[in-house]
Amino acid sequence: MSANTSPAIELRGASKVFKTPAGGLHTAVRELDLTVERGEFVAVVGPTGCGKSTTLTLVSGLEEPTEGEVLVAGEPVDGVGDKVGFVFQQDATFPWRTVLSNVMAGPRFRGVPKAEAKQKAREWLARVGLAAFEDRYPHQLSGGQRKRVALAATFVNDPEILLMDEPFSALDVQTRALMSDELLELWEGTGASVVFVTHDLEESIALADKVVVMTAGPATVKQVFDIDLPRPRKVESVRLEPRFIEIYREIWESLGEEVRITRERGAAHVA
Amino acid sequence: MSPEAISAPAPVDALKPDRAHSRARAARRRKAVVTLARVLLLVAVLGLWEALSRNKVIDPFNFSMPSEIWDQIYTWVTHGTALGSLGEQIWVTLQEALFGWILGVVTGVVFGIALGRVAFLADVLGPYIKVLNSIPRIVLAPIFVIWFGLGSASKIASAVVLVFFPVFFNAFQGAREVDRNLVANARILGASNRRVTLQVVIPSATSWIFTSLHVSFGFALIGAIVGEYIGATQGIGLLVAQSQGTFNSAGVYAAMVILAVVALVAEGLLTFAERRIFRWKASDSGH
Numbered sequence: 001m002s003a004n005t006s007p008a009i010e011l012r013g014a015s016k017v018f019k020t021p022a023g024g025l026h027t028a029v030r031e032l033d034l035t036v037e038r039g040e041f042v043a044v045v046g047p048t049g050c051g052k053s054t055t056l057t058l059v060s061g062l063e064e065p066t067e068g069e070v071l072v073a074g075e076p077v078d079g080v081g082d083k084v085g086f087v088f089q090q091d092a093t094f095p096w097r098t099v100l101s102n103v104m105a106g107p108r109f110r111g112v113p114k115a116e117a118k119q120k121a122r123e124w125l126a127r128v129g130l131a132a133f134e135d136r137y138p139h140q141l142s143g144g145q146r147k148r149v150a151l152a153a154t155f156v157n158d159p160e161i162l163l164m165d166e167p168f169s170a171l172d173v174q175t176r177a178l179m180s181d182e183l184l185e186l187w188e189g190t191g192a193s194v195v196f197v198t199h200d201l202e203e204s205i206a207l208a209d210k211v212v213v214m215t216a217g218p219a220t221v222k223q224v225f226d227i228d229l230p231r232p233r234k235v236e237s238v239r240l241e242p243r244f245i246e247i248y249r250e251i252w253e254s255l256g257e258e259v260r261i262t263r264e265r266g267a268a269h270v271a
Numbered sequence: 001m002s003p004e005a006i007s008a009p010a011p012v013d014a015l016k017p018d019r020a021h022s023r024a025r026a027a028r029r030r031k032a033v034v035t036l037a038r039v040l041l042l043v044a045v046l047g048l049w050e051a052l053s054r055n056k057v058i059d060p061f062n063f064s065m066p067s068e069i070w071d072q073i074y075t076w077v078t079h080g081t082a083l084g085s086l087g088e089q090i091w092v093t094l095q096e097a098l099f100g101w102i103l104g105v106v107t108g109v110v111f112g113i114a115l116g117r118v119a120f121l122a123d124v125l126g127p128y129i130k131v132l133n134s135i136p137r138i139v140l141a142p143i144f145v146i147w148f149g150l151g152s153a154s155k156i157a158s159a160v161v162l163v164f165f166p167v168f169f170n171a172f173q174g175a176r177e178v179d180r181n182l183v184a185n186a187r188i189l190g191a192s193n194r195r196v197t198l199q200v201v202i203p204s205a206t207s208w209i210f211t212s213l214h215v216s217f218g219f220a221l222i223g224a225i226v227g228e229y230i231g232a233t234q235g236i237g238l239l240v241a242q243s244q245g246t247f248n249s250a251g252v253y254a255a256m257v258i259l260a261v262v263a264l265v266a267e268g269l270l271t272f273a274e275r276r277i278f279r280w281k282a283s284d285s286g287h
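For the record, the sequence lines run as chains E and V. At position 244 of the first sequence (counting the first as 1) the number is 244 in the UniProt record's numbering, and the numbers step up by one without a gap. At position 51 of the second sequence (counting the first as 1) the number is 51 in the UniProt record's numbering, and the numbers step up by one without a gap.
In structure tokens:
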């Protein structure tokens, strides 16, 4: 199989079992099969806490699957590769570095000379609209601005694969819509393949080419939906289109059931 | 003002100017009252001590009195001590404390970070460090005098063993408590293990380490003084020992006052350095 024609990401029967602090075993992901084509934007939705994030850590190489295979560009994942970018749910900017230095971190870690790294970082800061903030420290920025720094710091490495773990969930609704549009713009220039994990169905439909619905934990793929909305999209307007609402209804039928199962389990735990 | 002010909007701005004004005035008044009460307390305690001692309610030979202590300091400053000039004694002690402190801090940080990062090392050395820590380390001072002689080396050694442990435990804890997200992010961005240690673990552990630096400079002084007290040719500790030997209680107290001043100045310098290093921290996070 040639690396050029193989899909960007392939998970084949991947499972991940964690040891819990109490000594028990917790299966986060079970027999997961998922294929992401090159340049495709895939959103993964599922009930909270079902193991969506674990899928991303498997693809990133931060964790190894207990069973099954994870391939990136046709090659089995072995540790953290240089093709992958990851935007985390929580703030992961380095608080002791300035904005510019944060964006330079990736290229510098990868051995790019300082002057070149600085120039690339400035370009990306300009693209996310933070050129005037390069000397600030993260604590001097708003949540949305910090997320922009995280995006710039990720994109500056030219990732072929972009993994996003509920990146905008901590932001307020307006900032969130704005950031989603910005993400689409940034992504459209790169041709990267994206896996975007979220529990927000609207967000996933507005952004993605393909929405993957996960089951209640342990997570596995329940159903995959193709989103045939035309690009370029603006998230605020696309969600008013009749086709969007149709798709939403269709997917919710599948997702709602899993959400219900999760909720009932939660209630059983409390009782 | 520092740029941190940007992120902390002052609630005062939202108030009407006259209210803000009266609030500021009340705050100023409170500060003045606190300062006044402090001064009064000091005067009362010193005055009581002086009065009790002069009227022989407490034995002036044992307890001395503030005026005598002051005279003693004055004599030392103007005529020098029996060991040489006072400045020289302070300098000797300070040098020993400083060397011991730097050595203790460096080894403490290196060991702390190494054990915090490498689980194998922590598992192997952990019990031994616990045992060493449970030894009352001040009893090592006489042994150091035997090993290293009456010069400054034995004082530096006792300062090092006192400083090492608090710094070590803080650095270790700091390395353990690093935000896992930051480490994951650095690894994704392409950082090697060495880079993660140098550029993520150490910077995030610095606030832990700094906490221990404040305490440990005091320990370094104690180490140096105790070492000098047991056997030395120079230093404030020896001054204490000599004053005690000649039944000069005012001398013992005077040496204590001088030590307190030295420790406070050192503490102030450290706080200043900390402010410079932690510019990246939000101004409202502690301190």
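Here a beta-carbon is modelled for each residue, glycine too, at the ideal position from N, C-alpha and C. As the structure is a prediction and not an experimental result, all values here were calculated from the model.
Cβ of residue i within 8 Å of any chain C Cβ
| i | result |
| --- | --- |
| Gly191 of chain E | The structure shown contains no chain C; its protein chains are E and V. |
Beta-carbon neighbours of residue i, restricted to chain E and to distances below 9 Å
| i | result |
| --- | --- |
| Lys281 of chain V | Pro95, Trp96, Tyr137 and His139 |
| Asn181 of chain V | Phe88, Gln89, Gln90, Asp91 and Ala92 |
| Ala205 of chain V | Residues of chain E passing the Cβ test: none, with the nearest at roughly 11 Å. |
Three-state class that DSSP yields for residue i in the structure shown
| i | result |
| --- | --- |
| Met65 of chain V | coil |
| Ile227 of chain E | coil |
| Ile156 of chain V | helix |
| Asp33 of chain E | strand |
| Pro7 of chain E | coil |
| Phe210 of chain V | helix |
| Phe88 of chain E | coil |
| Asp165 of chain E | strand |
| Val77 of chain E | coil |
| Ser15 of chain E | strand |
| Thr198 of chain E | strand |
| Leu40 of chain V | helix |
| Val156 of chain E | coil |
| Gly231 of chain V | coil |
| Ala171 of chain V | helix |
| Leu103 of chain V | helix |
| Ser216 of chain V | helix |
| Val261 of chain V | helix |
| Thr35 of chain V | helix |
| Glu241 of chain E | coil |
| Val112 of chain E | coil |
| Glu264 of chain E | helix |
| Phe165 of chain V | helix |
Within chain V, the residues that residue i reaches when beta carbons sit closer than 7 Å
| i | result |
| --- | --- |
| Gln145 of chain E | Ordered by position in chain V, no residue passes the 7 Å Cβ test against Gln145 of chain E, which lies about 11 Å from the chain. |
| Val80 of chain E | Arg187 and Ile188 |
| Gly106 of chain E | Leu189 and Gly190 |
From the options, residue whose alpha carbon lies closest to that of residue i
| i | options | result |
| --- | --- | --- |
| Phe99 of chain V | V:Leu238, V:Leu121, V:Phe111 and V:Ala153 | V:Ala153 |
| Val72 of chain E | E:Pro65, E:Glu64 and E:Ser60 | E:Ser60 |
| Gly46 of chain E | E:Gly256, E:Arg38, E:Pro107 and E:Phe155 | E:Gly256 |
| Ser192 of chain V | E:Gly85, E:Gly106 and E:Glu10 | E:Gly106 |
| Val149 of chain E | E:Asp78, E:Arg243, E:Leu130 and E:Met164 | E:Leu130 |
| Ala175 of chain V | V:Gly218, V:Ile202 and V:Trp49 | V:Ile202 |
| Ile236 of chain V | V:Gln173, V:Asp59, V:Lys281 and V:Lys155 | V:Lys155 |
| Ser180 of chain E | E:Arg97, E:Arg239 and E:Val77 | E:Arg239 |
| Glu258 of chain E | E:Gly217, E:Asp228, E:Ile245 and E:Ser237 | E:Gly217 |
| Leu184 of chain E | E:Arg127, E:Phe133, E:Asp172 and E:Lys222 | E:Arg127 |
| Thr190 of chain E | E:Leu151, E:Glu69 and E:Val212 | E:Leu151 |
| Glu67 of chain E | E:Phe196, E:Arg12 and E:Leu163 | E:Arg12 |
| Ile102 of chain V | V:Ala157, V:Pro60 and V:Trp147 | V:Ala157 |
| Asp228 of chain E | E:Glu246, E:Glu236, E:Met214 and E:Val213 | E:Glu246 |
| Arg117 of chain V | V:Glu228, V:Arg194, V:Arg23 and V:Gln244 | V:Arg194 |
| Ile129 of chain V | V:Phe168, V:Val106 and V:Tyr74 | V:Phe168 |
Amino acids of chain E, ordered along the chain, whose beta-carbon sits closer than 7 Å to that of residue i
| i | result |
| --- | --- |
| Ala191 of chain V | Phe109 |
Under 9 Å by beta carbon: chain V residues contacting residue i
| i | result |
| --- | --- |
| Gly85 of chain E | Ile188 and Leu189 |
| Leu62 of chain E | Ala184, Arg187 and Ile188 |
| Ala153 of chain E | Asn185 and Leu189 |
Paired residues, beta bridge with residue i - DSSP
| i | result |
| --- | --- |
| Ala219 of chain E | E:Val29 |
| Ser193 of chain E | E:Ile161 |
| Ala43 of chain E | E:Phe196 and E:Val211 |
| Gly84 of chain V | V:Thr81 |
| Leu71 of chain E | E:Glu10 and E:Pro76 |
Integer-rounded CB distance, given that residue j should sit under 8 Å from residue i
| i | j | result |
| --- | --- | --- |
| Val99 of chain E | Trp124 of chain E | About 11 Å separates the two Cβ atoms, so there is no contact after all. |
| Pro159 of chain E | Gly85 of chain E | 3 Å |
| Lys16 of chain E | Val29 of chain E | 4 Å |
| Val178 of chain V | Ala205 of chain V | 7 Å |
| Val226 of chain V | Ile138 of chain V | 6 Å |
| Val163 of chain V | Phe210 of chain V | That belief does not hold up - the Cβ atoms of Val163 of chain V and Phe210 of chain V are roughly 14 Å apart, past 8 Å. |
| Ala192 of chain E | Val156 of chain E | Ala192 of chain E to Val156 of chain E, Cβ: 13 Å. No contact. |
Beta-carbon neighbours of residue i, restricted to chain E and to distances below 8 Å
| i | result |
| --- | --- |
| Arg195 of chain V | Phe109 |
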